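Novice:
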Amino acid sequence: MLQRICMSKPHEDDDDDYESIEGRDFFRQMHGRRTNLLNPTYLLPADDDEIQRSNLMHRLIRFIFSGRIYVGPTKEVLQFGPYRQALDLGTGRGEWAVELCEEFSWVFTTGVDIVPIQFLEVPERCRFEIWDINMRDMPYADGCFDMIHARAVLTGIRDYPHFIRQIGRILRPGGLVLLIEPGLMQYANNKPEDAYMFGSGPRGWFTLWETYRSCLSMLGVDVTVPQRLKELLEGTGLFEDIQDFKATIPEPSEESGTNLGAFIDKGVLTVGQLQWMAYDLLLPALKPMFMSLGMLEARADRIIKDAQTDLYYGNSDFKLASHMHIVHARRNETDWY
Ligand SMILES: C[S@@+](CC[C@H](N)C(=O)[O-])C[C@H]1O[C@@H](n2cnc3c(N)ncnc32)[C@H](O)[C@@H]1O
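Position one of the sequence shown corresponds to residue 32 (the numbering used here), numbered consecutively onward.
Next up, the structure:
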């Protein structure tokens with residue numbers, strides 16, 4: 032079993048993070064970027080640019096949830112104290128875990144990740160642990176959490192159905208799970224990639240996403256999970272009141288037009304612009320993954336550059352968009368076997 036390390040102790044320099052704790056290393060260099068050492072499936076970087084990308088996603092989700100970091104019956108589930116426990120799986124910097132604590136003064140949160148990149152000054156009720164959430168048995172007692180949140184972690188999970196069953200085990204009856212995953216299929220002019228004949232559509236953009244999905248499949252990640260979250264929760268028999276919805280980014284009606292990053296003059300960031308900035312950081316972040324799976328550097332650079340060309344100077348004939356898949360559900364009374 033992997034060692035669990037609690038890192039809730041405050042630190043003076045909030046920008047610092049730990050390269051090693053108690054002599055144990057958590058990072059390695061991979062093709063010019065810092066990545067994690069614990070989980071060979073997760074090949075996205077764990078460095079400052081990646082932290083910035085997660086922060087953009089966090090802000091984007093707040094847009095989608097009308098300023099909040101949750102949807103569904105969160106307040107109802109957390110309301111009756113004296114204290115409540117929430118878990119954030121794949122917490123990243125820990126924004127969600129910290130902000131939930133700040134909003135609900137009686138809630139204790141635990142954030143889990145494979146790298147120690149979390150805020151070092153956090154509320155006393157917030158703690159972080161470092162371990163791999165692919166673990167067969169998560170190190171918690173049955174039914175001990177009131178709420179479990181997992182956002183944008185699919186690319187590090189080898190067996191998502193098992194992951195959901197573990198969530199069902201450690202959630203109390205009536206407890207709430209909130210899963211959020213960005214779709215891995217792209218859209219142009221409201222049509223999915225596969226509706227375009229070979230050679231048509233924004234080719235650079237689509238080729239990058241095809242390559243990304245193939246790499247994830249090679250790493251054992253099921254790229255169809257985002258659009259199947261509801262079905263996967265239903266399949267366990269452990270959940271009820273399962274609600275799912277899909278946010279299109281940007282929304283077709285958004286004032287900036289329907290294209291990603293179509294900047295408007297008002298100085299107001301829209302969902303599309305946040306997504307554009309996040310994609311701007313994602314494209315170079317994929318290079319270590321492409322190369323570590325055997326792609327030559329020149330080919331990786333070409334794929335990324337062609338996608339950047341579509342993103343930066345995209346032909347206005349193609350309005351790019353993607354989906355954010357969101358599902359929440361309550362744990363039912365079924366026993367865990
Ligand atoms: C894209 S970031 C999202 C961070 C955060 N959930 C958010 O939405 O802002 C994915 C995070 O999941 C973590 N992660 C990926 N696979 C993991 C695993 N198997 N166990 C624990 N953490 C994992 C990564 O280290 C990274 O910090």
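Ideal Cβ placement from N, Cα and C applies to all residues, glycine included. Since we're looking at a predicted model, the values are computed, not measured.
Given 6 Å as the limit, tell me if Gly187 has its C-beta closer than that to any heavy atom belonging to ligand 1.
Specialist: yes
Novice: In the structure shown, what three-state DSSP assignment does Lys350 receive?
Specialist: coil
Novice: Please state whether DSSP places Asp190 in a helix, a strand or coil.
Specialist: coil
Novice: What does the alpha-carbon distance come out to for the pair Pro147 and Asn220?
Specialist: 40 Å
Novice: With a threshold of 8 Å, are at least 3 pairs of Cβ atoms found where one atom belongs to the region 138-158 and the other to the region 122-130?
Specialist: yes
Novice: Put Ile95 into one of helix, strand or coil per three-state DSSP.
Specialist: helix
Novice: Once DSSP output is grouped into helix, strand and coil, what is the label at Thr301?
Specialist: The three-state reading of DSSP puts Thr301 in coil, since its state is none of H, G, I, E or B.
Novice: Using a Cβ-based criterion (distance less than 6 Å to any ligand heavy atom), does Asn70 qualify as near ligand 1?
Specialist: yes
Novice: When you compare only the Cα positions, how much space is there between Tyr344 and Cys246?
Specialist: The alpha-carbon atoms of Tyr344 and Cys246 are separated by roughly 26 Å.
Novice: Considering only residues of the same chain and omitting the five flanking positions on each side of Thr140, which have a CB-CB separation below 7 Å?
Specialist: Ala117, Asp119, Ala128, Leu131, Cys132, Arg156, Cys157.
Novice: Could you tell me whether any non-hydrogen atom of ligand 1 is closer than 6 Å to the CB of Ile145?
Specialist: yes
Novice: Using only CA atoms, which one of Ile82, Gln110, Leu69 lies nearest to Asn165?
Specialist: Leu69
Novice: In three-state DSSP terms, what is Met166?
Specialist: coil
Novice: Is Trp367 closer than 7 Å to Arg203 when the C-beta atoms are compared?
Specialist: The answer is no: Cβ separation not under 7 Å.
Novice: Taking the C-alpha atoms as reference points, what is the distance between Glu241 and Glu126?
Specialist: When only Cα atoms are considered, Glu241 and Glu126 end up about 30 Å apart.
Novice: With C-beta atoms as the reference, is Val254 less than 7 Å away from Ala360?
Specialist: no
Novice: Expressed to the nearest angstrom, what Euclidean distance is found between the alpha-carbon atoms of Val252 and Leu185?
Specialist: 7 Å
Novice: Would you call the region 330-339 and the region 77-86 in contact, with 3 or more CB pairs under 8 Å?
Specialist: no
Novice: Which of the three DSSP states is assigned to Gly288 in this structure?
Specialist: In this prediction, Gly288 has a pLDDT of 44, which is less than 50 and means its spatial position is unreliable; what the coordinates show is noted afterwards. Assignment of Gly288 by DSSP, reduced to helix, strand and coil, places it in the coil class.
Novice: Should Ile164 be listed as close to ligand 1, given that the test is whether its C-beta is under 6 Å from any heavy atom?
Specialist: yes
Novice: With a floor of 3 residues, list each beta strand (DSSP E) that falls wholly inside the region 91-166, ordered by position along the chain.
Specialist: As far as the region 91-166 is concerned, its whole beta strand (DSSP E) runs of at least 3 residues are 115-120, 138-144, 157-161.
Novice: Is it a yes or a no for the region 217-237 touching the region 346-355, going by three-plus beta-carbon pairs under 8 Å?
Specialist: yes
Novice: With burial defined as no fewer than 16 other Cβ atoms inside 10 Å of the residue's Cβ, what is the status of Glu364: buried or exposed?
Specialist: Per the 10 Å Cβ criterion, exposed.
Novice: Nearest-angstrom Cα distance between Gly174 and Glu107?
Specialist: Per the coordinates, the alpha-carbon of Gly174 lies some 17 Å from the alpha-carbon of Glu107.
Novice: Please classify Gln274 as buried or exposed, where buried requires at least 16 other C-beta atoms within 10 Å of its C-beta.
Specialist: Around the CB of Gln274, fewer than 16 other CB atoms lie within 10 Å, so the residue is classed as exposed.
Novice: Can you list, in chain order, the residues of its chain whose CB lies under 8 Å from that of Phe270, leaving out five sequence neighbours each side?
Specialist: Gly199, Val208, Leu264, Ala360, Arg361, Arg362, Asn363
Novice: Could you check what DSSP says for Tyr344 in three-state terms: helix, strand or coil?
Specialist: helix
Novice: Locate the beta strand (DSSP E) running through Leu210, then write down its first and last residues.
Specialist: Where Leu210 is concerned, the enclosing beta strand (DSSP E) stretches over 202-213.
Novice: Around the Cβ of Ala278, are there at least 16 other Cβ atoms within 10 angstroms (buried) or fewer (exposed)?
Specialist: Buried.
Novice: Which value, in whole angstroms, describes the spacing of the CA atoms of Gln83 and Ser97?
Specialist: Approximately 21 Å between the Cα atoms of the pair.
Novice: Should Arg333 be listed as close to ligand 1, given that the test is whether its C-beta is under 6 Å from any heavy atom?
Specialist: Arg333 Cβ: outside cutoff for every heavy atom of ligand 1.
Novice: In the structure shown, what three-state DSSP assignment does Glu328 receive?
Specialist: helix
Novice: Grab the span of the beta strand (DSSP E) containing Phe176 for me, first residue to last.
Specialist: 176-182
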